[in-house]
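Residue numbering for the sequence shown follows the numbering used here, starting at 657 and increasing by one per position. Even for Gly, the Cβ is constructed at its ideal location relative to N, Cα and C. One structure below.
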Amino acid sequence: MKVNVIGIGPGNPDLLTGEARNAIAESTILAGDKRMVAQFGAGKKVYTTFRTNELAGIAAQADPGKDVLGILVSGDVGFFSLAQTITGKLPDCDVHRYCGISSLVYFAAKLQMSWNDAAIVSMHGRNQHLAAAVFEHAKVFSLTGGDNLPQVLCRQLCDTGLGYVTVCVGSNLSYENEQIVKGTAEEIAQGDFPSLSVMMILNDKAGQPLRQGVHGLDDTLFLRGKAPMTKQEVRAISISKLQPRATDVIYDIGAGTGSCSVELALQAPLGSVYAFEQKEEALALLARNKEKFRCDNLYIVAGEASEHLAEAPVPDCVFVGGSGGRMGGMLDDIYGRNPACRVVINVIALETLCAVVEYYKAKPGYSLDIVNVSTAYNRKLGRYNLMMAQNPIYVITAVQTAE
657 MKVNVIGIGP GNPDLLTGEA RNAIAESTIL AGDKRMVAQF GAGKKVYTTF RTNELAGIAA
717 QADPGKDVLG ILVSGDVGFF SLAQTITGKL PDCDVHRYCG ISSLVYFAAK LQMSWNDAAI
777 VSMHGRNQHL AAAVFEHAKV FSLTGGDNLP QVLCRQLCDT GLGYVTVCVG SNLSYENEQI
837 VKGTAEEIAQ GDFPSLSVMM ILNDKAGQPL RQGVHGLDDT LFLRGKAPMT KQEVRAISIS
897 KLQPRATDVI YDIGAGTGSC SVELALQAPL GSVYAFEQKE EALALLARNK EKFRCDNLYI
957 VAGEASEHLA EAPVPDCVFV GGSGGRMGGM LDDIYGRNPA CRVVINVIAL ETLCAVVEYY
1017 KAKPGYSLDI VNVSTAYNRK LGRYNLMMAQ NPIYVITAVQ TAE
């Protein structure tokens, strides 16, 4: 059976391409959301659905000799579209795609600016990290929707120190009630915008680094107080052993001041870092360091980690800086969520080292890598520089072995 997947543009029928209009005319059955089929469904059998199993059922019940199923999708079929998913669920059909004008193309034309140099983020039903993109790029286009309305997203930008950026919001694009508003993120945060909105964000300070690189950040960059902090050299080795990827979900258990949490968040800009900490002073420093480094993908969880692990998404990798004496139970909780999780543990006490080694001895299917890190820092005493030794740290890496 022939199936036409048709990009109808931002919504106004006048913006349909000629090919798209012909594909709609050819279709005897139309499916899409209520707004779409209401515009183009006259004289056709219509279904208000995007569910792939329902679309497959509609195609199966149609007469392949007479019927053509047209599936209407907003914008363009190649721009954050359901078209790819739909095509994959109709393997026995002859699927044709017809492009449309995307919201990005339409909005950029309205703003009289180019879009080829824009970073693109979708916050519509997704949890990408807008602030990271805005911090790095001079121009960012963002789809919005659901709970992620423009005013909500701009409040998040303000929380990470980006209240000064220029934000253009386009709502109900191409319709009679189209509205385009321009202001700072701080101003837009006070507004009220519908879910059918997009944003173009301009940051003339983009790319000006708050730090030199994001690996092995200097200890002096962090606000410290009296809370424990993983030092630069140990942190660099530990994170290199953890091998975080840009999109990973990462736990930092016993986060302290948040030096590891921050560095992990910077190394996984499209992922999420969950910092577990129970001490009041450390929690306050964590929040301040998060704000200083503009880590909108860093989430602080107050309380005993073992009581809150289930509230966070399933981890890809975990750094353990402190276990509160519950190492075995905590590791059980971690592997209960993801047996393939990569784990790096920092240990000072020999008792804890022995407990970790014994835990993995009793847990087949994992390999251990143990590195002893001894550091010493120079201190000026009179005319001389003396090296002051620090406590040795064991950096333990546990990885699931291939079956």
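State buried or exposed for residue i, treating a residue as buried only when at least 16 other CB atoms are found within 10 Å of its CB.
i     : result
A902  : exposed
I909  : buried
N709  : exposed
L1060 : One cannot answer for residue 1060 here, as it falls past the ends of the chain, which runs 657 to 1059.
P666  : buried
R867  : In this predicted model, R867 has a pLDDT of only 46, less than 50, meaning its place in the structure is not dependable; the value taken from the coordinates is given anyway. Under this definition R867 is an exposed residue.
L942  : buried
I844  : buried
R1039 : exposed
N772  : exposed
I893  : buried
E1007 : exposed
A774  : buried
H871  : exposed
L1037 : exposed
E936  : exposed
I747  : Reading off the sequence, residue 747 comes out as Pro, not Ile. Result: exposed.
P1020 : exposed
I714  : buried
E832  : exposed
T876  : exposed
K690  : exposed
Y907  : buried
In chain order, what residues of the same chain have a beta carbon less than 6 Å from the beta carbon of residue i, not counting five sequence neighbours either side?
i     : result
H984  : In the sequence as presented, His is not what sits at residue 984; that position holds Gly. So the list reads Y1015, once near-sequence residues are dropped.
Q934  : G959 and E960
R1035 : L1042 and M1044
I776  : F797
A679  : N660, I662 and Y754
A921  : V929, C951, N953 and L954
H964  : V957
D732  : G663, C755, G756 and S758
L760  : W771 and F797
V640  : In the structure as shown, the chain starts at 657 and stops at 1059, and residue 640 therefore has no counterpart that could be examined.
K946  : L954
M986  : S962 and S979
Could you tell me which of the options sits nearest to residue i, measuring between CA atoms?
i     : options                     : result
G927  : A787, H793, E832 and T800   : A787
V1000 : Y930, G980, K1017 and C973  : C973
H785  : T800, D773, W771 and N772   : T800
Q835  : F849, R1035, A789 and E960  : F849
D988  : A1005, I956, E937 and A1018 : A1018
P971  : D723, A679, Y930 and L877   : Y930
A924  : G756, L898, P747 and N859   : L898
Y1022 : A1054, A715 and L1037       : A1054
D670  : F735, V905 and Y762         : Y762
E842  : L809, A862 and L873         : L809
D952  : S798, S917 and A679         : S917
G847  : L873, F878 and R811         : R811
M779  : Y1033, P969, S851 and F932  : S851
V905  : A716, K882, C997 and G721   : C997
V790  : G992, K722, H752 and D860   : D860
L939  : S827, A911, G688 and A966   : A911
Going along the chain, which residues of its own chain have a beta-carbon closer than 7 Å to the beta-carbon of residue i, five neighbours each way excluded?
i     : result
S839  : For the record, residue 839 in the displayed sequence is Gly; it is not Ser. Answer for G839: V823, listed in chain order.
A718  : M657, I685 and L725
P995  : Q1056
T1061 : Residue 1061 is absent from the structure shown; the chain starts at 657 and stops at 1059.
Y991  : C997
P969  : V905 and S928
In this structure, what does DSSP give as the bridge partners for residue i?
i     : result
A687  : Y703 and I727
K658  : V724 and D750
C824  : K838 and M856
V1055 : S1023
G663  : V729
S1084 : In the structure as shown, the chain begins at 657 and stops at 1059. Residue 1084 is therefore absent and cannot be evaluated.
A958  : E933
R998  : C973
R1039 : In DSSP, R1039 forms no bridge with anything.
S928  : V905
M1044 : Y1033
V1003 : Y1050
What does a CB cutoff of less than 8 Å around residue i pick up in its chain, not counting 5 residues either side in sequence?
i    : result
D750 : M657, K658 and V659
G697 : L686
E682 : N660, V724 and G726
R880 : T913 and L941
Got a sec: is the Cβ-Cβ distance from residue i to anything in chain B below 8 Å?
i    : result
A931 : Included in the structure is just one protein chain, with no chain B present.
Three or more beta-carbon pairs under 8 Å between the region 1038–1053 and the region 884–900, yes or no?
yes
Using 8 Å as the cut-off, can you tell me whether the region 686–704 makes contact with the region 757–769, which would need three or more C-beta pairs spanning the two stretches below that distance?
no
Does the region 1049–1059 come within contact of the region 1025–1039, defined as at least 3 CB pairs closer than 8 Å?
yes
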